[in-house]
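The listed protein sequences derive, respectively, from chains W and L. The numbers in numbering that gives the first Met the number 0 rise by one with no breaks, and the one at position 36 of the first sequence is 35. The numbers in numbering that gives the first Met the number 0 rise by one with no breaks, and the one at position 98 of the second sequence is 97. For each residue, glycine too, the CB sits at the ideal point set by N, CA and C. The structure displayed is predicted, hence computed values, not measured ones. First up is the structure itself, then whatever we jot down about it.
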Amino acid sequence: MPRGETEHRYRSYLITGFFILAIWYLLARILDSIALPTPLAVFSAFIAGLADGSLISHLSISALRVFYGVALASSLAVPIGLVSHEEGVDKFVAPFVYLLYPIPHIVLLPLIILLFGIGDLSKIILIAIIVFFQILVTTRDASRNLSINYVYSMLSLSASRRDIYKHVIFPACVPKILTAMRISVGTSIAVLFFVESFATRKGLGYLIMDSWSRANYPDLYATMVSMALLGFGLYIVIEKIEKKVCRWVYI
Amino acid sequence: MIKAKDITKRYPDGTEALRDVNFDIRSGESCSIIGPSGCGKTTLLLILTGILKPTEGKAVIVGKDMSSPSKEVALVFQNYGLFPWKTVYENASLGLELRGLNRKERKEIVTSLLSELGLKGFENRYPNQISRGMQQRVAFARALALNPKILLMDEPLSSLDALTRENLQNFLLRLWKEKRMTMLLVTHSIEEAVFLGRRIIVLSSRPGTVIRAIDNAEMGDLNYRTKEVFFDKCREVRQSIDTGAI
Ligand SMILES: Nc1ncnc2c1ncn2[C@@H]1O[C@H](COP(=O)(O)OP(=O)(O)OP(=O)(O)O)[C@@H](O)[C@H]1O
Ligand SMILES: [Mg+2]
Chain W
0 MPRGETEHRY
10 RSYLITGFFI
20 LAIWYLLARI
30 LDSIALPTPL
40 AVFSAFIAGL
50 ADGSLISHLS
60 ISALRVFYGV
70 ALASSLAVPI
80 GLVSHEEGVD
90 KFVAPFVYLL
100 YPIPHIVLLP
110 LIILLFGIGD
120 LSKIILIAII
130 VFFQILVTTR
140 DASRNLSINY
150 VYSMLSLSAS
160 RRDIYKHVIF
170 PACVPKILTA
180 MRISVGTSIA
190 VLFFVESFAT
200 RKGLGYLIMD
210 SWSRANYPDL
220 YATMVSMALL
230 GFGLYIVIEK
240 IEKKVCRWVY
250 I
Chain L
0 MIKAKDITKR
10 YPDGTEALRD
20 VNFDIRSGES
30 CSIIGPSGCG
40 KTTLLLILTG
50 ILKPTEGKAV
60 IVGKDMSSPS
70 KEVALVFQNY
80 GLFPWKTVYE
90 NASLGLELRG
100 LNRKERKEIV
110 TSLLSELGLK
120 GFENRYPNQI
130 SRGMQQRVAF
140 ARALALNPKI
150 LLMDEPLSSL
160 DALTRENLQN
170 FLLRLWKEKR
180 MTMLLVTHSI
190 EEAVFLGRRI
200 IVLSSRPGTV
210 IRAIDNAEMG
220 DLNYRTKEVF
230 FDKCREVRQS
240 IDTGAI
């Protein structure tokens, strides 16, 4: 991407940020309630959290949980989605996906705790289950909708099945897979506050619940800002990877 | 060399694309196939390369029944069959890579072929970054890199402008004369069929079947396009197509 374009994008992020802050400020002034502190109050709570190191340690624990959750989900969903290219596999995968996808997986929490205990593993697995379906559905759609002509083109070069996966099905699906992962990051951050609301004293989700129960609204909002920044950071990282790996899409 | 024996193809949805197609192409011969849109030309090439199985009949290539793609046959696809996620160089060398040639061997063959085809300097571009004429030449490079005995082409020049098209027609004619490859060219253009085909096979509309095979012994010269006998041949082909109702 040309340099000017990148600068332009960062400028528009900045403008949007200011816009959100302005509305927030006005709303806080109009409502004049402790439930919505002004940006300045939240900002100083945010700085205080950073200064005593607590916010950073909660944030890094949450980031790791999200990372492991998405990594675990992808490592299962991507291969299954790719081999759904085969009619025979898809016959089994499709009904499974569409039966289990719509249920609210959060209700599986008691079962997961029973199976995996109340530690980090349960939290990661719950995140993984929720984003697993997002990634699987997208990958499956991509591999199913691949033009048969690409496969013919490979066959004319006497390619093996493995060659076809390596040179066609996988590279063709990578852009969709990365998009799905970007969306999954957002989803998993949104479920943090749920999975971190039990049996832990670490993580942004815990911090939200904690400051809420203490009715410490500046802290609550400072944590939400951290979540937003975490999501934004991971989003940028995946987008960078996308730009690098899928150069052919952006030309 | 290439033999189509009573080939009939019905797709699973019941579409009958080909019916009782028979012809025989000798080694080193160049043959054009012409027929109306949708008459099963692509289907026929996919069967001849062993990618699709005929419902009835069989394709025999160099004495062997075609059941899976053969190393001696290369196919240039209708929409070039290039992979948008691979660069020009990667596309052109893919066939060699799949055959297990190492990096150095591939480079030797592909680099010289690309520059012969006027693609030098474009090796690292993606297909979407080059013109259609260039994409077409990449598709030729990929097929020719395999040094095939038999080259099958599916309307390779149909979406090109007249000038590029004539250039590539000349290129194909020279290729045929130098390498004595067996060539089978599917085309929509009567002039192209006559310019490049030592024999011209005319197919009916769907389900495609051979209406006529026209001998064209006078071809083989770059000046053929300007000769009287060229126009006579074109007229003959046009008439046999007309009676076959497009
Ligand atoms: N996979 C398929 N399933 C069902 N019908 C098909 C399939 N592929 C092609 N057909 C049909 O078979 C017929 C022949 O198709 P084919 O692509 O071989 O024609 P063609 O002569 O190459 O056409 P064109 O000149 O447009 O390239 C068409 O009617 C087409 O719609
Ligand atoms: Mg066709």
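Interface annotation for the stretch 127 to 159 of chain L against chain W: Asn127, Gln128, criterion Cβ-Cβ distance under 7 Å. The alpha-carbon of L:Cys30 is positioned some 17 Å away from that of L:Arg224. In the three-state reduction of the DSSP assignment, W:Ala76 falls in the helix class, which pools H, G and I. Spatial neighbours of W:Pro217 in its own chain (CB-CB distance under 7 Å, excluding positions within 5 residues in sequence) are listed in chain order as Pro36, Ala40, Val41, Ala44.
Secondary structure of W:Cys172 (DSSP, three-state): helix. By the 16-neighbour rule on beta-carbons within 10 angstroms, L:Gly120 is exposed. Under the Cβ criterion of 8 Å, W:Tyr205 is not counted among the residues facing chain L. The beta carbon of W:Ser157 falls within 8 Å of a beta carbon belonging to chain L, placing the residue at that interface.
Note that the C-beta distance between L:Ala73 and L:Met65 is not below 8 Å. Pairing L:Ile6 with L:Glu71 gives a Cβ-Cβ distance that is not under 8 Å.
Per DSSP, reduced to three states, the secondary structure at L:Ala216 is coil, with no helix or strand assignment. Here W:Tyr97 is exposed: its Cβ has fewer than 16 other Cβ atoms, across all protein chains shown, within 10 Å.
Assignment of W:Lys122 by DSSP, reduced to helix, strand and coil, places it in the helix class. Looking only at W:Trp247, W:Lys242, W:Cys245, W:Ser225, the smallest Cα-Cα distance to W:Ile55 is reached by W:Ser225.
Nearest CB-CB separation between W:Ala179 and chain L: not below the 8 Å threshold. Along the stretch 101 to 129 of chain L, going in chain order, the ones with a CB nearer than 8 Å to a CB of chain W are Tyr125, Asn127, Gln128.
Across the structure, L:Ile33 and L:Arg25 are spaced so that their CA atoms are roughly 18 Å apart. Contact of W:Ile124 with chain L is not assigned, every C-beta pair being separated by 8 Å or more. Measuring C-alpha to C-alpha distances from L:Tyr10 to each of L:Thr42, L:Ile200, L:Leu221 identifies L:Thr42 as the nearest.
Distance from the Cα of W:Ala179 is smallest, within the candidate group W:Phe192, W:Thr137, W:Leu26, for W:Thr137.
Under the Cβ criterion of 8 Å, L:Leu97 is counted among the residues facing chain W. With a cutoff of 8 Å on beta-carbon distance, W:Tyr249 and W:Arg181 are scored as not near each other. Residue side-chain check: L:Glu154 places its Cβ nearer than 7 Å to a non-hydrogen atom of ligand 2.
Using beta-carbon distances, W:Ala171 counts as an interface residue toward chain L, with a partner under 8 Å. Residue side-chain check: L:Lys63 keeps its Cβ at 7 Å or more from all non-hydrogen atoms of ligand 2. A distance below 7 Å between beta-carbons, with the five flanking residues on each side excluded, links W:Val82 to the following residues of its chain, in chain order: Val88. The beta carbon of W:Glu238 lies closer than 8 Å to those of Arg181 in the same chain, with the five residues before and after it left out.
Among the residues facing chain L, W:Asp162 is included, as its CB has a counterpart in that chain under 8 Å away.
Contact between L:Ala212 and L:Arg198 holds: CB atoms are separated by about 6 Å, below the 8 Å threshold.
Along the stretch 40 to 54 of chain L, the positions whose C-beta sits under 7 Å from a C-beta of chain W are Leu45, Thr48, Ile50, read in chain order. According to the DSSP assignment, L:Ser111 belongs to the alpha helix (DSSP H) that extends over 102 to 115.
Taking C-beta separations shorter than 8 Å and ignoring five residues to either side along the sequence, the partners of W:Phe169 in its chain run Leu81, following chain order. Our two residues, L:Ser69 and W:Leu156, have alpha carbons roughly 8 Å apart in a direct line. Close to L:Leu183, with beta-carbon spacing below 9 Å, lies no residue of chain W; the smallest spacing is near 13 Å. Under DSSP, L:Ser29 takes part in a beta bridge, and its partners are L:Met182. Inter-residue distance for L:Glu15 and L:Pro206 is about 6 Å (C-alpha atoms, whole angstroms).
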